[in-house]
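Here the structure is laid out as structure tokens; the discussion comes afterwards.
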Amino acid sequence: MESPWSDLAGKVILVTGAARRVGRGIALRLAREGARVAIHYHASEQEAQRTAAECGAALFRANLEQVTGIEAMFGDIQQRMGRLDGLVNNAARFTRFDPLDITEADWDFIHSVNLKAVFFCCQNAARLMRKTGGGRIVNISSLGGIRPWAKHAHYCASKAGVIMLTQALAKAFAPSITVNSVAPGVIPFGEPPEEEAPRIQKMIRDTPARRAGTAEDIADAVVFFLKASEFVTGQVLAVDGGLSLR
Numbered sequence: 086m087e088s089p090w091s092d093l094a095g096k097v098i099l100v101t102g103a104a105r106r107v108g109r110g111i112a113l114r115l116a117r118e119g120a121r122v123a124i125h126y127h128a129s130e131q132e133a134q135r136t137a138a139e140c141g142a143a144l145f146r147a148n149l150e151q152v153t154g155i156e157a158m159f160g161d162i163q164q165r166m167g168r169l170d171g172l173v174n175n176a177a178r179f180t181r182f183d184p185l186d187i188t189e190a191d192w193d194f195i196h197s198v199n200l201k202a203v204f205f206c207c208q209n210a211a212r213l214m215r216k217t218g219g220g221r222i223v224n225i226s227s228l229g230g231i232r233p234w235a236k237h238a239h240y241c242a243s244k245a246g247v248i249m250l251t252q253a254l255a256k257a258f259a260p261s262i263t264v265n266s267v268a269p270g271v272i273p274f275g276e277p278p279e280e281e282a283p284r285i286q287k288m289i290r291d292t293p294a295r296r297a298g299t300a301e302d303i304a305d306a307v308v309f310f311l312k313a314s315e316f317v318t319g320q321v322l323a324v325d326g327g328l329s330l331r
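Residue numbers (our numbering): 86 to 331.
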């Protein structure tokens with residue numbers, strides 16, 4: 086029997102942080118697959134509007150640092166879209182500090198969006214999905230959740246948390262909702278900060294695929310998880326050109 090998820094046409098799928106970069110690439114790919122895309126953004130309004138116009142997508146603004154904002158966004162999705170079938174938790178932050186210099190504010194800046202918001206988006210999405218029989222959740226984690234980066238301890242901790250959260254929620258939400266994670270490798274956008282450039286170039290040189298990744302590479306993996314059967318859940322797919330193997 087063919088899975089109802091073998092075709093994404095008509096599926097309502099929310100992508101957080103979809104105004105630009107990887108989120109934009111995911112949203113554009115889902116639109117090409119025929120999904121009814123819902124685009125979340127916070128500050129990047131012009132970019133969100135441009136992406137939404139290209140996708141024929143609905144826009145939803147929310148500050149993911151605040152649970153009340155997350156709850157309001159999902160209420161708005163229910164009202165405007167009528168249902169929710171899929172969620173791609175893509176929104177994230179990235180900073181670089183010596184661990185001895187990280188402050189409470191630095192820690193909270195990363196974890197409020199990278200981990201806390203991911204959980205509460207999953208929670209609110211699952212509540213909506215269960216009203217219509219189930220759905221699919223894909224959390225974008227990171228190679229930094231698999232491999233330790235000394236100057237990004239707070240970021241690595243947040244993304245490792247996303248991976249464990251993915252596995253725990255896969256158990257909690259089964260069998261009607263699958264929860265999986267895509268862990269991107271090196272995906273540069275524009276010129277990296279001067280202090281980051283040597284590290285990024287070294288990571289690209291060390292990547293067995295001999296290139297950096299693209300938003301399209303990540304979108305391919307997201308679509309794989311969205312279309313997979315309910316027998317694929319709790320999995321983490323490193324889309325990193327083999328860098329995690331080194």
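Using N, Cα and C, we set each Cβ at its ideal position, and we do this for glycine too.
Annotated three-state conformation of H127 is coil, per DSSP. When T251, S329, G270 and H125 are compared, the shortest CA-CA separation from I262 is found for T251. The beta carbons of G270 and G230 sit no closer together than 7 Å. For V152, the uninterrupted alpha helix (DSSP H) segment begins and ends at V152 to M166. In the three-state scheme derived from DSSP, where H, G and I count as helix and E and B as strand, T251 is classed as helix.
Looking only at F274, N174 and F204, the smallest Cα-Cα distance to A257 is reached by F204. If you look at F194, you'll find it isn't in any beta strand (DSSP E); it sits in the alpha helix (DSSP H) that goes E189 to H196. In the same chain as A294, and ignoring 5 residues on each side of it, the C-beta atoms closer than 7 Å to its own belong to G326 and G327, in chain order. With contacts defined by Cβ atoms closer than 7 Å, Y240 and F179 form a contacting pair.
When Cβ pairs closer than 8 Å are counted between the two stretches, the stretch 161-174 is seen to touch the stretch 115-133, the count reaching three or more.
Just so you know, the alpha carbons of S266 and L185 end up roughly 30 Å apart.
Under DSSP, P269 shares a beta bridge with V324.
Put simply, of L99, S88, S91 and R106 the residue whose alpha carbon is nearest the alpha carbon of P273 is R106. The Cβ atoms of F182 and D193 lie no closer than 7 Å to each other. Under the 10 Å beta carbon count, A253 is surrounded by fewer than 16 other beta carbons and is classified as exposed. Taking a contact to require three or more Cβ pairs closer than 8 Å, the stretch 131-146 and the stretch 207-225 do not qualify as touching. DSSP places A143 outside any alpha helix (DSSP H); the residue lies instead in the beta strand (DSSP E), whose first and last residues are A143 to R146. Distance from the Cα of K216 is smallest, within the candidate group L200, M249, F145 and Q163, for Q163. Cα atoms of I195 and S314: separation of roughly 33 Å, rounded to the nearest angstrom. A straight line joining the alpha-carbon of E189 with that of S91 spans about 44 Å. Taking all protein chains in view, the Cβ of A268 is crowded by 16 or more other Cβ atoms within 10 Å, so the residue is classified as buried. Contact annotation: N174 and T292 have beta-carbon atoms that are not nearer than 7 Å.
A235 places its beta carbon 7 Å or farther from that of T318.
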